[in-house]
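So the first sequence is numbered by my numbering: it starts at 0 and just counts up by one.
A virtual CB, placed ideally from N, CA and C, is assigned to each residue, including glycine.
These notes concern the structure reproduced below.
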Amino acid sequence: MPELPTLEIYKKYFDETSLHQTINHVQVVSPEVLVGSSSEEIKKTLLGHEFIQSRRYGKYLFAQMDNDLFLIMHFGMTGFLYYGSVDGSRYPRLLIEFSTGKFLSFDDARKFGKLGLTRHPDEFIKEKKLGPDALEINFKSFKEVFKNRKGMIKPLLLNQHVLAGIGNLYADEILYQSRVHPLTPAHLLDKEEWEQLFNDMKRVLQKAIEYQDKPEALPESYLLPHRHPGGKCPAGGKLNIIPVGGRTTYFCPQRQKIKH
DNA sequence: GAATTCGCCTGCACGC
DNA sequence: TGCGTGCAGGCGAATT
């Protein structure tokens, strides 16, 4: 799923394929994925221009144009970028044709993804009330965003208003590494546990990027390669599967004990 | 405002 | 083979 590490990979892909080429043609295949902009506005903004750089924040990718506007991309569950021939993308929602004859497709089977325009990412981040980026945040701010929070730790990690970038899979991994039970009320965690959580979050995200966001390819000691029905905890024992905040959650009851 | 639940969307795995 | 069912999950709206 496109979480923060995925977005880092997408950003790299975008930067390597789609910068500095004039856009010759724009087709909004599925206008329903547009937010705050019409098909016409998207076309008008992109046509005849080129992308000059990109920025990732949380699970968003902002593509800056040479007219100082930004195309906002959010990939939902199944979204990704494809650069190549027009028929290489199975579920295109936005098709951009460059002067080179190559296409960039925003492909998203389930249409949970979103596209829009903004004058500046910072403006958008503020509007959306996104929390600090999980890869950029320091420990002081990390403690601050969870201060006075009484909710369960996992839904809080997933809450993009609290912290931007973490999704269901990596939330499970981070909690597993930190030996924190997903249902633990945030205010019951002590100083050592917050430090542990912070350090593991950074380590897991960096490791995921290093492994090209292939969760199943992570080292054996990680939860994600075992995160499937019948999967075993790499430290021994069976993994439990429970819903937390409506999300499927895997954890190891031996390692991750609930605090009351 | 904060916590919690639910529905959107659709490909795919699974069972009969 | 083919059909029906339910799951996957990011996010925002609705509810408490």
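Here DSSP, grouped into helix, strand and coil, assigns Q176 to helix. In this structure, L3 sits away from L60, with a CB-CB distance that is not shorter than 7 Å.
With a threshold of 16 other beta carbon atoms within 10 Å, T248 meets it and is buried. For Y56 against L129, the beta-carbon gap comes to about 7 Å, under 8 Å, which counts as contact. Excluding five sequence positions before and after G236, the CB atoms of its chain that fall closer than 7 Å to its own CB belong to C251, Q253, given in chain order.
Exposure of K231 is indicated by the presence of fewer than 16 other C-beta atoms within 10 angstroms of its C-beta. Look at the beta carbons and you see the segment 95–112 not touching the segment 120–136: under three pairs across the two are nearer than 8 Å. In the same chain as T117, and ignoring 5 residues on each side of it, the C-beta atoms closer than 6 Å to its own belong to F69, I71, F123, in chain order. Per DSSP, reduced to three states, the secondary structure at M72 is strand. By the Cβ neighbour-count rule, I51 is exposed, with fewer than 16 other Cβ atoms within 10 Å of its own. The DSSP-derived three-state label of Y82 is strand. In this structure, F74 places its C-beta atom within 7 Å of the C-beta atom of P1. Taking a contact to require three or more Cβ pairs closer than 8 Å, the segment 178–196 and the segment 143–158 qualify as touching. In the three-state scheme derived from DSSP, where H, G and I count as helix and E and B as strand, I240 is classed as strand. Cα atoms of R92 and E40: separation of roughly 15 Å, rounded to the nearest angstrom. DSSP places Y12 inside the alpha helix (DSSP H), whose first and last residues are 3–16.
S220 sits exposed, since fewer than 16 C-beta atoms from the chains shown fall within 10 Å of its C-beta. Between H24 and E49 a beta carbon distance of about 13 Å is seen, past the 8 Å cut, so the two are scored as non-contacting. Around the beta carbon of I257, a 10 Å sphere encloses fewer than 16 other beta carbons of the protein chains shown; the residue is thus reported as exposed. With fewer than 16 other Cβ atoms inside 10 Å of its own Cβ, P218 counts as exposed. Judged by DSSP secondary structure, S104 falls outside any alpha helix (DSSP H) and instead within the beta strand (DSSP E) spanning 102–107.
Taking the Cβ atoms as the reference, F102 lies roughly 15 Å from A62, outside the contact range of under 8 Å. Look at F97 here: in three-state DSSP terms it is strand. Residue environment for K125: exposed (fewer than 16 other C-beta atoms within 10 angstroms of its C-beta).
Exclusion of the five residues before and after P181 leaves K153, L174, V243, T248, F250 as the residues of its chain whose Cβ lies within less than 6 Å of its Cβ.
Around the CB of N66, fewer than 16 other CB atoms lie within 10 Å, so the residue is classed as exposed.
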